[in-house]
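Undergrad: As you go down the protein sequences, you meet chains A and B in turn. Per this note's numbering, residue 13 is the first one in the first sequence, and the count goes up by one each step. Per this note's numbering, residue 13 is the first one in the second sequence, and the count goes up by one each step.
Number of protein chains: 2
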Amino acid sequence: MSVITIERKVLEKNDQIASRIRQLFLERGIFVLNFVSSPGAGKTSILERTFQELKGSVGMAVIEGDVQTDLDAQRIARYGVPVVQIVTLGGCHLEANLIQDALKSLDLNGVEMLFIENVGNLVCPASYDLGEATKVVILSTTEGDDKPLKYPAMFLNSSVLIVNKIDLVPYVNCDLNVLKNNALKINPALKIFEVSCFTGAGIPEWCRWLKKKDASDQ
Amino acid sequence: MSVITIERKVLEKNDQIASRIRQLFLERGIFVLNFVSSPGAGKTSILERTFQELKGSVGMAVIEGDVQTDLDAQRIARYGVPVVQIVTLGGCHLEANLIQDALKSLDLNGVEMLFIENVGNLVCPASYDLGEATKVVILSTTEGDDKPLKYPAMFLNSSVLIVNKIDLVPYVNCDLNVLKNNALKINPALKIFEVSCFTGAGIPEWCRWLKKKDASDQ
Numbered sequence: 013m014s015v016i017t018i019e020r021k022v023l024e025k026n027d028q029i030a031s032r033i034r035q036l037f038l039e040r041g042i043f044v045l046n047f048v049s050s051p052g053a054g055k056t057s058i059l060e061r062t063f064q065e066l067k068g069s070v071g072m073a074v075i076e077g078d079v080q081t082d083l084d085a086q087r088i089a090r091y092g093v094p095v096v097q098i099v100t101l102g103g104c105h106l107e108a109n110l111i112q113d114a115l116k117s118l119d120l121n122g123v124e125m126l127f128i129e130n131v132g133n134l135v136c137p138a139s140y141d142l143g144e145a146t147k148v149v150i151l152s153t154t155e156g157d158d159k160p161l162k163y164p165a166m167f168l169n170s171s172v173l174i175v176n177k178i179d180l181v182p183y184v185n186c187d188l189n190v191l192k193n194n195a196l197k198i199n200p201a202l203k204i205f206e207v208s209c210f211t212g213a214g215i216p217e218w219c220r221w222l223k224k225k226d227a228s229d230q
Numbered sequence: 013m014s015v016i017t018i019e020r021k022v023l024e025k026n027d028q029i030a031s032r033i034r035q036l037f038l039e040r041g042i043f044v045l046n047f048v049s050s051p052g053a054g055k056t057s058i059l060e061r062t063f064q065e066l067k068g069s070v071g072m073a074v075i076e077g078d079v080q081t082d083l084d085a086q087r088i089a090r091y092g093v094p095v096v097q098i099v100t101l102g103g104c105h106l107e108a109n110l111i112q113d114a115l116k117s118l119d120l121n122g123v124e125m126l127f128i129e130n131v132g133n134l135v136c137p138a139s140y141d142l143g144e145a146t147k148v149v150i151l152s153t154t155e156g157d158d159k160p161l162k163y164p165a166m167f168l169n170s171s172v173l174i175v176n177k178i179d180l181v182p183y184v185n186c187d188l189n190v191l192k193n194n195a196l197k198i199n200p201a202l203k204i205f206e207v208s209c210f211t212g213a214g215i216p217e218w219c220r221w222l223k224k225k226d227a228s229d230q
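Printed below as a string of C-alpha cells:
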C-alpha cells in the first residue's frame, strides 16, 4: 500500500508541474503535442514528414525523450528544427519536471508548435501529463488491430490517433476498419488520421489539421 | 529519494519470490521462458507457431500477461495448451508474485516447458525476474534496426533474441545485419533466431533449439 501512496504523490507532483508548464505554453501561444507509441511505431518519422510539410510556415521545436542514445535528436537536427534530447537512462516515460528542465535549454522565441516525443512505451506514458495541449497516440498497422483494446489507457487519454504504415496493410494481419472501430470503442472522440511515412500518404491531411488547430488554439 | 528506496525494496522482494519460483521449476524439471517485446512484435504468434511445431512431443503451458483483455489467452486456448491469464489492469510489467498466484491455477503435471508472455513493453519488464530460465526478447523488423541501442536493458538481460517479421524486410527501413550487430554490441552472448510467423520461416530452427535446451536443462 505504501507504494501506491508514493505513486499517487509522484503523480500529484507531476500534475502540479504540468499545470504550470501548460500555463506557460498558453501565455506564449505555443501549441504542444505529446507523441506516444510503442517503440518503432513511427513517432520520429512522422515528425520528419511534418517538418518537410510545414518548415518555413510554422515555427517548430522538439523535445526528444529516449531511454538511451540521442539517435532521434540527430535525425531531427538534420531538418534544422531546434531539439533538446532527454535521456531517461532506463526511465520508461517522460515526466513534467524533465520537460521543465528541457525548456531551460530551448529558445522558445518564434516557436508556435512544440512536439514532445515520449519514450517508446504504450503503457506508462499514459499516466503522465506533460503540460501538452494534445496527446497524439501513434499505432502502426504492423502491431495488429487489437492493440487499442489491449492498451486502452493510452487511447482513452489521447485526443488524436495516427495510424502509421498503412502501406504495409497488404502484407500484415491488420484490418484498418477493425483497428479504427476498436480505437473508437475505447474513445469515441478520437480524431483519426491514416498515414504512411514511407509513401507520404495522409501526411498533408495531418498537417492541415495541425496548422488549423495551432491557429485556433492561439 | 524515498521513491528510489521503495523501488529497490520492491525489486528485492520480487527477486526473493522469483528465486523461490525458480527453485520450484528446477525441482520439477520445467524449462521456463519469459517472452518480452514491444506490443505487436509477435509474442503470441511465435507461441502459436511453436505449439504447431511441438504439440504432442513436449508438454507445454502458458502464463499470459496483459494490461487488459484475455484476447491472447483465447488465442492460446485454441491450441489445447493450458493457459492462465493475468490482467494487470494498467500495470506495465509482470512481477514474480503474480506468477506465484498464477501457478495456483495451473496444473504443472506433465508440463516440461512453461512460456510466460509478458506485457507488451520494451522497457519495464527488463527489471523484473520472474523465476524464468531464459528471457527471450522478440523484435520485429518493422520496429527498425536501431531498437537494441535505444532500449539496451532488455537486450542485455535476455539470452535469446528472436527477430520476427523477416518477410517484411523488403518493405521496411530495416537492415537485418545492422539490427543483429546492434543487438550483439549490447549483448555479445545473445543467441539470435530470424523468423516469420507469417511464412513459418525460421520456426523449425527455433523449435529445435528449444527442444534441445529443454532436454539439457532437466
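C-beta atoms are modelled at their ideal positions from N, C-alpha and C, and glycine is treated no differently.
Which term fits V190(A), buried or exposed, when burial requires 16 or more other beta carbons within 10 angstroms of its beta carbon?
TA: The residue in question, V190(A), is exposed, as its Cβ has fewer than 16 Cβ neighbours within 10 Å.
Undergrad: Locate the alpha helix (DSSP H) running through I42(A), then write down its first and last residues.
TA: No alpha helix (DSSP H) holds I42(A); DSSP gives it neither H nor E.
Undergrad: Could you give the distance in angstroms between the alpha-carbon of K192(B) and the alpha-carbon of Q35(B)?
TA: Using only the alpha carbons, I get a separation of about 33 Å.
Undergrad: Return the chain-ordered list of same chain residues with a C-beta closer than 6 Å to the C-beta of N199(A), the five sequence neighbours on each side being excluded.
TA: Once the five neighbours on either side are set aside, the close Cβ partners of N199(A) are F167, L168.
Undergrad: Whose C-beta lies closer than 7 Å to the C-beta of D226(A) among residues of the same chain, with five residues either side of it excluded?
TA: Closer than 7 Å at Cβ, skipping near neighbours: F43, V70, E124, M125.
Undergrad: Have a look at Q80(B), S139(B), R61(B), A73(B) and flag the residue whose alpha-carbon is nearest the alpha-carbon of T211(B).
TA: Considering only alpha carbons, the answer is R61(B).
Undergrad: Name, going along the chain, the residues of the region 177 to 194 of chain B whose beta-carbon falls closer than 8 Å to a beta-carbon of chain A.
TA: Within the region 177 to 194 of chain B, the qualifying residues are K177, D179, L180, Y183, V184, N185.
Undergrad: For N185(B), does the count of other Cβ atoms within 10 angstroms reach 16, so buried, or fall short, so exposed?
TA: It counts as exposed.
Undergrad: Since L59(A) and K162(B) should fall inside the 8 Å C-beta cutoff, what is the C-beta to C-beta distance between them, to a whole number of angstroms?
TA: L59(A) to K162(B), Cβ: 15 Å. No contact.
Undergrad: Using the C-alpha atoms, what's the distance from D157(A) back to D179(A)?
TA: About 15 Å.
Undergrad: Once DSSP output is grouped into helix, strand and coil, what is the label at Q80(B)?
TA: Looking at Q80(B) - three-state DSSP - the assignment turns out to be coil, as it is neither helix nor strand.
Undergrad: Note the first and the last residue of the continuous beta strand (DSSP E) segment covering K203(A).
TA: Run containing K203(A): 203 to 206, per the beta strand (DSSP E) assignment.
Undergrad: For G54(B), I'd like the list of residues in its chain whose CB is within less than 7 Å of its CB, leaving aside the five on either flank, ordered along the chain.
TA: Within the same chain, G54(B) has close Cβ partners I150, S152, N176, K177, C209.
Undergrad: Between the region 155 to 172 of chain A and chain B, which residues of the former have a C-beta closer than 8 Å to a C-beta of the latter?
TA: Listed by position, the residues of the region 155 to 172 of chain A near chain B (Cβ gap below 8 Å) are E155, G156, D158, K159, L161, K162, Y163, P164, A165.
Undergrad: Please identify the residue among D141(A), K67(A), E107(A), S57(A) whose C-alpha is closest to the C-alpha of A85(A).
TA: The shortest Cα separation from A85(A) among D141(A), K67(A), E107(A), S57(A) belongs to S57(A).
Undergrad: Does DSSP put S170(B) in a helix, in a strand, or in coil?
TA: In the structure shown, S170(B) sits in coil (DSSP, three-state: anything other than H, G, I, E or B).
Undergrad: Sorted by chain position, which residues of the same chain lie with C-beta nearer than 6 Å to V96(A)'s C-beta, five sequence neighbours on each side aside?
TA: Only I75, A114, S117, L118 meet the Cβ criterion.
Undergrad: Mind checking who Q97(B) pairs with in its DSSP beta bridge?
TA: According to DSSP, Q97(B) bridges with E76(B).
Undergrad: With 7 Å as the C-beta to C-beta threshold (strictly closer), list the residues of the region 80 to 95 of chain A near chain B in chain order.
TA: Listed in sequence order: Q80, T81, L83.
Undergrad: Just list the residues that DSSP pairs L151(A) with in beta bridges.
TA: V175(A), per the DSSP bridge assignment.
Undergrad: Per DSSP, what kind of secondary structure is F37(B) in: helix, strand or coil?
TA: Here F37(B) sits in helix by DSSP.
Undergrad: With F63(B) as the anchor, note down where its alpha helix (DSSP H) starts and where it stops.
TA: Note, F63(B): alpha helix (DSSP H), 55 to 66.
Undergrad: Where does the unbroken beta strand (DSSP E) through L126(A) begin, and where does it stop?
TA: Taken as a continuous stretch (DSSP letters only), the beta strand (DSSP E) holding L126(A) covers 125 to 129.
Undergrad: State the DSSP-derived secondary structure class of N194(A), mapped to helix, strand or coil.
TA: Helix, per DSSP.
Undergrad: Put V70(A) into one of helix, strand or coil per three-state DSSP.
TA: The answer is coil: DSSP assigns V70(A) none of H, G, I, E or B.
Undergrad: Output, in chain order, the set of chain B residues within a Cβ distance shorter than 7 Å of S152(A).
TA: Correct list: T154.
Undergrad: Along the region 46 to 57 of chain A, where does the CB come closer than 7 Å to a CB of chain B? Name the residues.
TA: For the region 46 to 57 of chain A, which is checked against every Cβ of chain B, the residues closer than 7 Å are S50, P51, G52.
Undergrad: Would you identify the three-state DSSP class for N26(A), choosing helix, strand or coil?
TA: If DSSP states are grouped into helix, strand and coil, N26(A) belongs with the helices.
Undergrad: Would V172(A) and V148(A) qualify as a contact pair, given that the criterion is a beta-carbon distance under 8 Å?
TA: Yes, Cβ-Cβ distance for V172(A) and V148(A) is below 8 Å.
Undergrad: Starting from D158(B) and walking both ways along the alpha helix (DSSP H), at which residues does that stretch end?
TA: Run containing D158(B): none; DSSP gives neither H nor E here.
Undergrad: Can you confirm whether L196(A), when its beta carbon is compared against all beta carbons of chain B, has any partner nearer than 8 Å?
TA: No, L196(A) does not count as interfacial toward chain B.
Undergrad: For the region 122 to 139 of chain A, which residues have a beta carbon sitting closer than 9 Å to at least one beta carbon of chain B?
TA: So the list reads V131, G132, N133, L134, V135, C136, A138, S139, given in the order they occur along the chain.
Undergrad: Between D78(A) and chain B, is the shortest Cβ-Cβ distance under 8 Å, so that the two count as touching?
TA: So, interface residue.
Undergrad: With burial defined as no fewer than 16 other Cβ atoms inside 10 Å of the residue's Cβ, what is the status of E206(B): buried or exposed?
TA: Burial call: buried.
Undergrad: Return the Cβ separation of F37(B) and M72(B) in integer angstroms, given the expectation that the two are a contact with Cβ distance under 8 Å.
TA: Between M72(B) and F37(B) the Cβ distance is about 14 Å, and since that is not below 8 Å, they are no contact.
Undergrad: Name the one or two DSSP bridge partners that F47(B) has.
TA: BP columns for F47(B) point to E129(B), V148(B).
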